[in-house]
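Those protein sequence lines, which keep their order, are chains A and B.
Just so it is clear: in the first sequence, position 649 is 649 by my numbering, and no numbers are missing.
The number in my numbering is simply the position in the second sequence, starting from 1, with 664 added.
We put the CB at the ideal spot given by N, CA and C, even for glycine.
Take a look at the structure below.
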Amino acid sequence: MYRNGSQRNPANNYMYMTPNMSSENLFPYKDENNNAFNYEGDFNNPYWNLFENSNQDVTNRVVANLTFNWIILKGLNLKTRINSAINKVERFEFNNMGASYDPDGLYREISTSVRNSNYEAILNYTKKFNDFSIVSLLGVNRFDLRRSGTRQTAISLLQRDIKSLSNGDEFAPVIYLPNNKTINSIFSSISAGYKDTYFLDITGRNDWSSTLPSFSNSYFYPSIGATTIFTKFIPRNDIITFGKVRASFAQVGSDTSFDRVINAYVEGGNYNNTTWLQLQSQRKNLELKPELTSSTEIGIETKLFNNKISFDATFYRSSTNNQIIPVQVTPTSGFISKFINAGEVQNEGIELFLSAKIFDNKFKWQTDVNWSKNESSVVSLADSVDRLLIRNFFNVGVYAEKGQPFGNLRGNVQATDPETGTPLVLRNGRVRFESDQLLGNAQADWIGSIRNSFSYKGFSFNFLIDVKMGGDLFSGTMIKSVNHGIHAETLPGREEFLLSSIILGETNNEREGIGLFGNDYADSNRAKGAIYEGAALGVEDANGNWVAERDVNGNIVYSERWLNPQLKGFDGLQDQSRYVYDASFVKLREVVIGYTFQRRIINKMKKVKNIKLSIVGRDLWTIYRNTPQGIDPEAGTTSGNGQGLEFASFLPTRSIGVNLKLRF
Amino acid sequence: MKLKIQKHKIKAAVLIILFSFSCTNKFEEINTNEFIFSEASPEELFSGVVINTLDLVGGTLNDQFYNTYASYYGGKGGQFNRSFYTESGLDGFWKRFYVNILKNNQDIIDNYENDPAYTNRVYIAKIWKSYVYSILVSTFGPVPYENASKGLNSVKYDSEEFIYTNILEELKEATNNIDVSGDILEQDPIFSGDNSKWKKFANTLRLKIALRISVGFPSLAAQHGSEAIADENNLVSSNSENVTMKWGTEQENWSFNYSRYVNIQANNDVIPYLNFYFILNFKTYKDPRLIAIAEPSSDPITIRDEVFKSGSSTEKITVEYDIPYFGRPLGGSAVVEGWDLDANKNLLNGLPNRSYSQPKRDLFMTPDMTYNIITYAETNFIKAEAKLLEWGGTKSAEQYYYDGIDASFQQYGSTGNAEYKNRDGIKWGTVSIGDKGLFGLVTSGISSEPLDKIVRQRWLASYNQGHDMWCVQKRTRILPLIDQFAPDGSSDLVYAPLSERMIYPPLSEGGLNNEALQEAINALGGNTLYTPLKMNKEYTPIKWETLSDIVEFTQDFAKNFYGDSEDDLIDAGITYKII
């Protein structure tokens, strides 16, 4: 699957297609020699990409478990366990010969074998005496990850249609894909309860990870929590049936991925009959430290009105220290990015959950509501730096900035007069911009969901609605579509501009209101193209700041500079705030209609205890969004850090499926 | 029985516990990728450095703006070619310069500097470092040099003077200390291991850079220039000693032009066309090298011309024939607003792009074409100027000048240099009026001024060395060229004079190395395309809009293309029609 700006991504091709193209222009997409037709401009036929390129993933997985339980004494037992999973993945990527962007074709095979194993031994001890109960354990664990794999690419093929490395003519260097890790741990926990009402939990764990440098590969993290079931000591009442309050402080340590410590050389290619090497451009870190997240949490769980209503609430604050992330660095250092321990990021928020059984007889109706709000903030960054660039696209960057929420988007914005906010333009009527301005942040103000479940006799029906409010999305798709003139936003001003420039032969000066001989142009009120409404020419004041042009009386002179709408569209590359949208949405996320077969039918089938048949539909309907038609508010260029950018993303897919569950 | 099972259970449990608990030994081994390399030899690194330099300087940058700035290409599109820039393009260039090329090259120096078995190879890496930095500093101005390639978070920019001083010193040391019988760079992509050629390259490059900064830093230039030219044996002295880089026939090594314009069958709007004024200067002096450099038009224009009747020198007849060689002005068909020109008087009016002359396919569009770093012809012209500056040299400037022309003819396999050198304007001490350009404003005439002659010939001989000739024009301001009349709209200019430099990458340097960048901008006095560099000669751009009185479409480029007589047409074997 090709993403973002790849010529092989049909969603990207679509942005280069002129609006009056029809299937007659797109079919056939290749000639008698099976070569793709060449089109004017940068357009690639998406049908070529759909029919001539293919890919496939085949995964085989074996899981094995082995458990031993040894009861040593009363209350003391030893449980040992080995879990292992082996995944073998065979994957290929095929671009047929004859594409306009790659006539020689391409075939790539990726083959990996991953083994995940856990070896664990836990000594459990439980004891009850007087009103106290104690549950404790002491354990050791070894986690192994071993992956081997290769990626082989034939960069040109011998014949069409054959998907095999033996069909390769020229090859890129083989890339090996090891990924190995071992974490050894020792851990212990004690839970003490008093009268089944008060509980205290204390845990401690130490990990040793192979992915960190030897002098900092050991990290310890404890936690402590207290819980009270307060309904046990308040008088019985009909309102609160069950109530629990808890408070905890916990730390979690974390390591990183394979091979982030020592820099090495990789194969770059073959030139002059020499296989050449180059230094890896991502600078590794000989001084990596483990990540540590500390969080404090207070929560309450209640069941009200005889379990008819559940209400839970949690408040939390957590801070992550030394988060290991790749950040971009100045290329003049010799590297493109480096791994760092990133300083401190804090997250705090609330999670609320409410569940109500509105009807609970033969006809059941239950509603579950979730609501949460999270605020993040970058407390400090490494190396006393103020800002780190996480990701960038189209000159819009996603940053971690000190003192700000994580993930600020920054880019170019139209300059404005400092006093009045009047937008400013250049002498030729195009946008005057300021760079490095704050555009927004992908983080939501709050998110929530509501699920309603109904059941009557054997039938059940539930639907889930997902809501996200707040958060910004920058759309690269809009920039490109406007640039290419295929979006309706580019229509205003076209006819006026053609009348002005071609039919009347007006010059740029005349469109700006200046006549041939320096006089005022007579027909200055007529629209001659596109214009920045309410904008003024930017001029420099005495201090070198850009302000709006004013007349002798100090009033702002509004610009009458009419533009070729194409240029106003191109200006989107310099005024990126135009394409930042509110990414709030309300979506119908899931609908499930099910039927549980009646006892009478099941009893006839031996050994079957239960049969349930359901139809599931996902992402069926976007009920509310603020992004333009065709841009999914949940789109993004990446699934990692660096949210808030979208480019040539696929439309959200609706899926409908059937489940049959048999219980023996 | 029960005890046996119990014992088995104990053993199994203990085994599993022991199995699971081992210490941190072998952790380093586990975290090492055995398929990548912990070491790299100079040969393994240098080959990559060269192909990356070739792809960037000879490929991308030439195509994006160097060849346009040198007036080798005309009418090429794209924001760089239209005297503007793209931020992502600039970021990409700096990544390739500093991460792909300079860091890997520096690695050779860092790892092998103290090993006596590698002395020559370390000097070779230092020569290359100086070569690449000479391009960076004359393109951007002050750039990070001393603290670059060290993995630092913040890298300061060094002044032009500092960088030039250091690279000239390094080239001097390399020239003096390479031991011809010492260690050899196996698999040497430039000279196949010939250390004497590396010495010559270092010394010639030293002379070339000295000349480049002779206006901006005269005493530094003279110091190094005179030493370099005094060591005349260590200068490129024949076409077989030309310093070149060559692309390859394997797909990963295809030349930029082949990958971009031939393999994908690019459409006529994007392929490069030769510059109008470049071809004009060949046409005026009936230069045989024209057919070696330019591809005849696939759709030639038919002109009406007045020539002397065959055998006569008084009677004139009108003939009609096809012109196969003509180029595009920088701004394509753009004119300056305010010029009231009658488009019907322009033969090039409305001509489709494909009609213009393209660079010769055999030389400049093959997968394994060559890019010249320094040629023998160019070296002669450099020596000629060095002689004018009184740095030294055993021959006269005039002799070097003629040697350069001969060398260039030989390089292209053209004959007729004796006749050529005798023509008015080309011959030392003579003057020519030349042909007027398209707008009647600049001509291909040559004055008797030696510098005019030398630079003009150097320009004609150095096709595709876009960066070098851009620097020559910035230093001398003497080539007869017009400015870019179709600048990119974001530049807010009606026409754009020749850029003094290229701007710093705003996103990667501004976002990631901002403090050092701002200091550099303060020292330079700005960060636009027109902020002058110290190496550039001071210059007042022409105000083209004030020339509306004298501007008119002139068709000299097509007049008397083969000569002023019908006999010339017959000699050249051209089919013509008498009107």
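Distance, residue j Cα to residue i Cα
| i | j | result |
| --- | --- | --- |
| E291 of chain A | L1193 of chain B | 45 Å |
| I593 of chain A | Q443 of chain A | 33 Å |
| P633 of chain A | D619 of chain A | 13 Å |
| N519 of chain A | N509 of chain A | 11 Å |
| K402 of chain A | L389 of chain A | 12 Å |
| E1216 of chain B | R968 of chain B | 19 Å |
| A535 of chain A | R561 of chain A | 9 Å |
| D1004 of chain B | L516 of chain A | 11 Å |
| K740 of chain B | A85 of chain A | 58 Å |
| L438 of chain A | R410 of chain A | 5 Å |
| A958 of chain B | Q404 of chain A | 58 Å |
| E375 of chain A | D445 of chain A | 8 Å |
| K612 of chain A | I465 of chain A | 23 Å |
| S1163 of chain B | G1237 of chain B | 43 Å |
| F920 of chain B | Q566 of chain A | 30 Å |
Three-state secondary structure assigned by DSSP to residue i
| i | result |
| --- | --- |
| L1027 of chain B | helix |
| N69 of chain A | strand |
| L1157 of chain B | coil |
| I350 of chain A | strand |
| Q414 of chain A | strand |
| G1174 of chain B | helix |
| F393 of chain A | strand |
| M1133 of chain B | helix |
| S455 of chain A | strand |
| E267 of chain A | strand |
| A1247 of chain B | For chain B, the structure presents residues 665 to 1243; residue 1247 of chain B sits outside this window and is missing. |
| F855 of chain B | coil |
| S318 of chain A | strand |
| Q404 of chain A | coil |
| R876 of chain B | helix |
Reference residue i, options the options, closest by Cα
| i | options | result |
| --- | --- | --- |
| Y125 of chain A | A:A542, A:A583 and A:L78 | A:L78 |
| N179 of chain A | A:F461, A:R115, A:F220 and A:S188 | A:R115 |
| P1201 of chain B | B:I1097, B:L832 and B:G880 | Rather than Pro, the amino acid found at residue 1201 of chain B in this sequence is Lys. Of the listed residues, the one whose Cα sits closest to K1201 of chain B is B:G880. |
| F315 of chain A | A:K338, A:S372 and A:N322 | A:S372 |
| N775 of chain B | B:F761, B:V763, B:K790 and B:Y762 | B:K790 |
| P1170 of chain B | B:I715, B:N731 and B:D755 | B:D755 |
| R992 of chain B | B:A874, B:F855, B:T1034 and B:I943 | B:I943 |
| K1009 of chain B | B:D1220, B:K759, B:D847 and B:F855 | B:D1220 |
| S189 of chain A | A:L498, A:S136 and A:S111 | A:S136 |
| S584 of chain A | A:S559, A:L50, A:P628 and A:K609 | A:P628 |
| S327 of chain A | A:R8, A:G642 and A:A250 | Before going on, a small fix: residue 327 of chain A reads as Val here, not Ser. When only C-alpha atoms are compared, the closest one is A:G642. |
| I154 of chain A | A:V174, A:Q278 and A:V140 | One point to set straight first is that residue 154 of chain A is Ala, not Ile, in the sequence displayed. The residue with the shortest Cα to Cα distance from A154 of chain A is A:V174. |
Delimiting residues of the alpha helix (DSSP H) encompassing residue i
| i | result |
| --- | --- |
| Q566 of chain A | P565 to F570 |
| E590 of chain A | From DSSP, E590 of chain A is part of no alpha helix (DSSP H) but of the beta strand (DSSP E) over F585 to T596. |
| V714 of chain B | P706 to T717 |
| Q1063 of chain B | A1061 to Y1076 |
| N945 of chain B | F940 to T948 |
| S481 of chain A | G476 to N483 |
First and last residue of the uninterrupted beta strand (DSSP E) at residue i
| i | result |
| --- | --- |
| D969 of chain B | I965 to F972 |
| E540 of chain A | A536 to E540 |
| K308 of chain A | Per DSSP, K308 of chain A belongs to no beta strand (DSSP E) and is neither H nor E. |
| T803 of chain B | Careful: T803 of chain B lies outside any beta strand (DSSP E), inside the alpha helix (DSSP H) at T783 to F804. |
Which parts of the segment 169 to 213 of chain A are runs of the beta strand (DSSP E), unbroken and 3 residues or longer, counting only runs that do not cross its ends?
179 to 194 and 198 to 209
Which runs of the alpha helix (DSSP H) spanning at least 4 residues fall entirely within the segment 100 to 164 of chain A, listed in chain order?
none
Segments assigned beta strand (DSSP E), at least 3 residues, entirely inside the segment 249 to 296 of chain A:
265 to 271 and 274 to 279
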